[in-house]
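In this note's numbering, the protein residues as written are 544 to 1062.
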Ligand SMILES: Nc1nc2c(ncn2[C@@H]2O[C@H](COP(=O)(O)OP(=O)(O)OP(=O)(O)O)[C@@H](O)[C@H]2O)c(=O)[nH]1
Ligand SMILES: [Mg+2]
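Take a look at the structure:
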């Protein structure tokens, strides 16, 4: 007993020295250090201790084995033997440490290459989590919400995830379009909704039409995004304060003040009143295509200069409003001029949930718009994957994964409409870009070309590709923080499949844009 106590003390004292020597060789791991003490126990050890390191300590130790004290799990090993082991370990380490790559490293590399997807996704996961934890002030961010959900008790997780998804789906965004009579307000409303002016659901436009009261136009696929076509402000007796009261200004998240010429006194009046009521506003100089057309016959025509002149002219008119945000647009060509700049500005200034709604609701008019949308859907994938995986329903015979595939189907349908791949959206696009709709439809070649159906989801879940997806679960389960709850494999697999579907539909959209000559 006295001897074993002495040994214990020796070991404790000697460990830092052992660690120093082995670490000095820059090769050994903590498992290497632990193993010599655990050899007796290895069979009963948990899988946490790696057997690959055993060769480092290959000396036969049987003669050093002594019965362990029943009260202590500490090793009983003589100091002499301990040093011998360390010397051998160091020799082994040095002889195995030449600069050229080792077989094991190459294998690891191969494995890493093979699972490149896995690592990319893992990094993305870590990013989301670190954003979530570093950005605690931004209570609106999806990241921190997701973190909070991950941390909540298992029984609450599914409901919280589903309600977060619902919240994102139901978030309301009210956009007010105002400006002079005939400025192009209703046409801009239609453009934002991805509808041509002559669509049966479009806001009425034309030189004789006049919008007399606020008209609400829900977005065709996101009814909670509401675009309000406000009455014109052309009357000489215009009173901005009364106008704002009449149109119930509280309703709107921000105002877009549209003009097709110079901004006039009424525009300035209105902007100042909006500012006083603490709402955001942006100036839209529309019908830019008309200006370009009118000037393009001149020999000195320079489009960039013309746009710059219009911008400067607008600024000069709006000096009394401070530093105005002005965007030059054409409702018939959103892919041109400043429309994307307007969206980027709104994206910067809107709260997280609202910008989600805005980006999702916009028509895909260019590659840039597609990329932006795809980025938002990628963020949504985490939430959907967690919701589908954590709330796993009972396994379905024939499917290699138990998950709530209804959530997957809904996500795919959202992406399908969001990317403008539906027949209705392609018909509208065909009219705008003057290409036969059949040609646009033929550009879609993915499994989603006819729509995101339940059969596709079930088919995806039945394929052996799930095996690859499952490795994701393994890798992600190793991530620090233990953030993956039970069901991690399902979450990772669903994530993998949602990502795959999103990429396929993005490819289809690229092809449609290309046929439409928008990309
Ligand atoms: N070329 C071109 N024409 C446009 C654009 N926007 C609107 N127009 C045309 O301008 C005219 C008036 O457009 P509307 O959208 O009806 O204008 P409004 O501001 O809603 O008019 P009121 O409701 O009467 O105040 C229509 O003939 C539109 O086709 C544009 O960006 N480019
Ligand atoms: Mg109108």
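Ideal Cβ positions, reconstructed from N, Cα and C, are used throughout, including at glycine.
Any chain C beta carbon closer than 8 Å to residue i
{"i": "residue 755", "result": "Absence of chain C from the displayed structure is noted, only one protein chain being present."}
CB contact flag (residue i, residue j, <8 Å)
{"i": "residue 732", "j": "residue 770", "result": "yes"}
{"i": "residue 806", "j": "residue 861", "result": "yes"}
{"i": "residue 877", "j": "residue 908", "result": "yes"}
{"i": "residue 956", "j": "residue 995", "result": "yes"}
{"i": "residue 886", "j": "residue 1041", "result": "no"}
{"i": "residue 834", "j": "residue 875", "result": "no"}
{"i": "residue 902", "j": "residue 948", "result": "no"}
{"i": "residue 707", "j": "residue 926", "result": "yes"}
{"i": "residue 828", "j": "residue 794", "result": "no"}
{"i": "residue 1138", "j": "residue 804", "result": "Past the edges of the chain, shown from 544 to 1062, lies residue 1138, and the structure says nothing about it."}
{"i": "residue 838", "j": "residue 849", "result": "yes"}
{"i": "residue 1058", "j": "residue 992", "result": "no"}
{"i": "residue 954", "j": "residue 711", "result": "no"}
{"i": "residue 703", "j": "residue 695", "result": "yes"}
{"i": "residue 904", "j": "residue 768", "result": "yes"}
Contact set for residue i: own chain, Cβ-Cβ below 8 Å, skip 5 residues either direction
{"i": "residue 960", "result": "764, 968"}
{"i": "residue 814", "result": "800, 824, 826, 861, 864, 867"}
{"i": "residue 958", "result": "920, 995, 1044, 1045, 1048"}
{"i": "residue 1052", "result": "907, 913, 962, 963, 964"}
{"i": "residue 738", "result": "744, 745, 763, 971"}
{"i": "residue 897", "result": "714, 716, 796"}
{"i": "residue 987", "result": "964, 1051, 1054, 1055"}
{"i": "residue 663", "result": "Bear in mind that the predicted position of residue 663 carries a pLDDT of just 38, short of 50, making it unreliable; the figure below should be weighed with that in mind. For residue 663, where only same-chain residues beyond five positions count, there are no Cβ hits under 8 Å."}
Residues near residue i by beta carbon distance below 7 Å, same chain, minus five either side
{"i": "residue 854", "result": "869, 871"}
{"i": "residue 656", "result": "With a pLDDT of only 40 at residue 656, under the threshold of 50, the placement of this residue in the model should not be trusted; the figure read from the coordinates follows. Once the five neighbours on either side are set aside, residue 656 has no close Cβ partner at all."}
{"i": "residue 740", "result": "730, 733, 748"}
{"i": "residue 720", "result": "728, 731, 732, 770, 771, 772, 773, 799, 801"}
{"i": "residue 879", "result": "873"}
{"i": "residue 759", "result": "769, 771"}
{"i": "residue 915", "result": "902"}
{"i": "residue 983", "result": "969, 972, 973, 1055, 1058, 1059"}
For residue i, three-class secondary structure by DSSP
{"i": "residue 988", "result": "coil"}
{"i": "residue 802", "result": "strand"}
{"i": "residue 692", "result": "helix"}
{"i": "residue 827", "result": "strand"}
{"i": "residue 768", "result": "strand"}
{"i": "residue 795", "result": "coil"}
{"i": "residue 977", "result": "coil"}
{"i": "residue 969", "result": "helix"}
{"i": "residue 1048", "result": "helix"}
{"i": "residue 1043", "result": "helix"}
{"i": "residue 964", "result": "coil"}
{"i": "residue 777", "result": "coil"}
{"i": "residue 759", "result": "strand"}
{"i": "residue 983", "result": "helix"}
{"i": "residue 946", "result": "coil"}
{"i": "residue 1062", "result": "coil"}
{"i": "residue 619", "result": "Bear in mind that a pLDDT of 41 at residue 619, under 50, signals an unreliable position, so the number given afterwards is only what the model happens to contain. Coil at residue 619, not helix or strand."}
{"i": "residue 861", "result": "coil"}
{"i": "residue 995", "result": "coil"}
{"i": "residue 842", "result": "coil"}
{"i": "residue 592", "result": "Low local confidence applies: a pLDDT of 34 at residue 592 is under 50, so the model's placement there is unreliable, with the coordinate-based value given in what follows. Three-state result, residue 592: coil."}
{"i": "residue 1057", "result": "helix"}
{"i": "residue 821", "result": "coil"}
{"i": "residue 847", "result": "helix"}
{"i": "residue 790", "result": "coil"}
{"i": "residue 807", "result": "coil"}
Residues of its chain near residue i, where Cβ-Cβ distance is below 6 Å and the 5 sequence neighbours each way are ignored
{"i": "residue 823", "result": "797"}
{"i": "residue 809", "result": "776, 781"}
{"i": "residue 735", "result": "770"}
{"i": "residue 1037", "result": "928, 931, 932, 946"}
{"i": "residue 638", "result": "Caution applies to residue 638, whose pLDDT of 47 falls short of 50 and renders its modelled position unreliable; the value that the coordinates give is listed next. Result list for residue 638: empty, nothing under 6 Å."}
{"i": "residue 1003", "result": "1040"}
{"i": "residue 980", "result": "969, 970, 973"}
{"i": "residue 882", "result": "872"}
{"i": "residue 755", "result": "774"}
Nearest-angstrom beta carbon gap, residue j and residue i [assumed within contact, 8 Å]
{"i": "residue 1049", "j": "residue 952", "result": "Incorrect: roughly 18 Å between the Cβ atoms, too far for contact."}
{"i": "residue 757", "j": "residue 790", "result": "5 Å"}
{"i": "residue 817", "j": "residue 773", "result": "Contact flag wrong, Cβ pair sits at about 12 Å."}
{"i": "residue 910", "j": "residue 1035", "result": "So it is not a contact: roughly 30 Å between Cβ atoms."}
{"i": "residue 792", "j": "residue 820", "result": "6 Å"}
Any non-hydrogen atom of ligand 4 within 7 Å of residue i CB
{"i": "residue 726", "result": "No copy of ligand 4 occurs in the structure displayed; its ligands are ligand 1 and ligand 2 alone."}
Where are the beta strand (DSSP E) runs, 3 residues long or more, that stay fully inside the stretch 695–745, in chain order?
716–722
Could you tell me which uninterrupted alpha helix (DSSP H) segments, each at least 4 residues in length, are contained entirely in the stretch 867–938, listed from first to last along the chain?
882–892, 895–904, 910–933
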